[in-house]
Amino acid sequence: MNTGAEQVMFWILGPLALLGAVGMVFARVAVHSALWLVMTMLSLGGIYILNQSEFLGFAQMIVYTGAIMMLFLFVLMLTGRDAGDSVIELLRGQRMAATILGIGLVALLVTGLLRSLQGAPSLGLNASLADRGPIGSIAAAIFTDYLFPFELTSALLITAALGAMVLAHIERKPSERRTQRQRVLERMRSDRMSPLPGPGVFATSSSNATPALLPDGSIAPESLSPLVEQSVAQGVVRRYATGAMLAELESGGHPRRPDAGSADPTVVDMSEMPVVTDDFVEADGADGAADRGARR
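Residue numbers (the numbering used here): 15 to 310.
Encoded structure:
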């Protein structure tokens, strides 16, 4: 960094990298920490390019920021980490132990860096890259002096993939598995509003005069239009319903379940009734025509 422009860029990218590292550590949301780390990696890539190491700089931006960090974000989304995670200390002394270990790690890194640089001559970029160039120097360091740590990195990536699988896997007991009927009944009994089925739904006939059946087997009276409700729906109950339901129909009310209270939906229990077919509609066609003529 001999020119003034390079020094200006360094003093811009350096604080940005430091700010991203601090934000990654102190962010309470895991996704925000990952985004802070993205800013740090982009700043480091720019610093590498300023130091005439273009290959390492673009590798930092493309591989780490574009691929590794996207993998981190996908893992965070898969494991369901969000702002609602608890930050309460579960183990007594956990924060104190983490603080001591963090300070010890920083002291170890600083000590090792100072001892490695003590007495080392400063050659400059041009002299250090004169033999092989930036790419050749990196290749020589990776495949000669640091071959074993480089191969060990592949095992680390496999461990990360296995850890993501373990975190995403949820062990379910056989008793906790709900059937489709149980899920439907829970949804019907909940407060969530859902549209009513149309005529002919869950039936063997597609006739508009066929009442729709709810998932529990009962009739949805609202599925029939007012023109056919009296002729067909009452005809179904008149032929198959119990005496109590027939009395409610004759009095002008809606049929209810035999065991339902006044607050339950006005539907007919069809668990013991056959499905209304086109033959049944044709058999009751005369009665239906008479009812429609009277209503007009």
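Backbone N, C-alpha and C fix where the C-beta goes; we use that ideal spot for every residue, glycine too.
Next on the checklist: Suppose the cutoff is 6 Å on Cβ atoms and the five residues either side in sequence are ignored; what does the same chain contact list for isoleucine 149 look like?
Outcome noted: Phe69
Checklist entry - Can you round the beta-carbon distance between glycine 71 and leucine 27 to whole angstroms, since I take them to be within the 8 Å contact cut? => result That pair is no contact at about 11 Å.
Item to check | Alpha carbon of leucine 119 to alpha carbon of tryptophan 25, nearest angstrom | outcome: 26 Å
Item to check | Minimum C-alpha distance to alanine 174 - residue among Gly126, Ala154, Ile82, Gly147 | outcome: For the options Gly126, Ala154, Ile82, Gly147, the alpha carbon positioned closest to that of alanine 174 is the one of Ile82.
Checklist entry - Does the Cβ of glycine 7 have 16 or more other Cβ atoms within 10 Å, making it buried, or fewer, making it exposed? => result Lying outside 15 to 310, the shown extent of the chain, residue 7 is not represented and no answer is given.
Item to check | Stretch pair the segment 44-55 + the segment 75-89: three plus CB contacts closer than 8 Å | outcome: yes
Next on the checklist: Please list the terminal residues of the continuous alpha helix (DSSP H) segment that includes proline 148.
Outcome noted: Its alpha helix (DSSP H) spans residues 147-154.
Item to check | Own chain residues within Cβ distance below 6 Å of alanine 31, not counting five before or after | outcome: Thr54, Ser57, Leu58
Next on the checklist: Quick check: what's the CA-CA separation for threonine 158 versus glycine 18?
Outcome noted: 36 Å
Checklist entry - Can you tell me the Cα-Cα spacing of threonine 167 and leucine 161, whole angstroms? => result 10 Å
Checklist entry - What is the DSSP secondary structure of serine 204, reduced to helix, strand or coil? => result In the structure shown, serine 204 sits in coil (DSSP, three-state: anything other than H, G, I, E or B).
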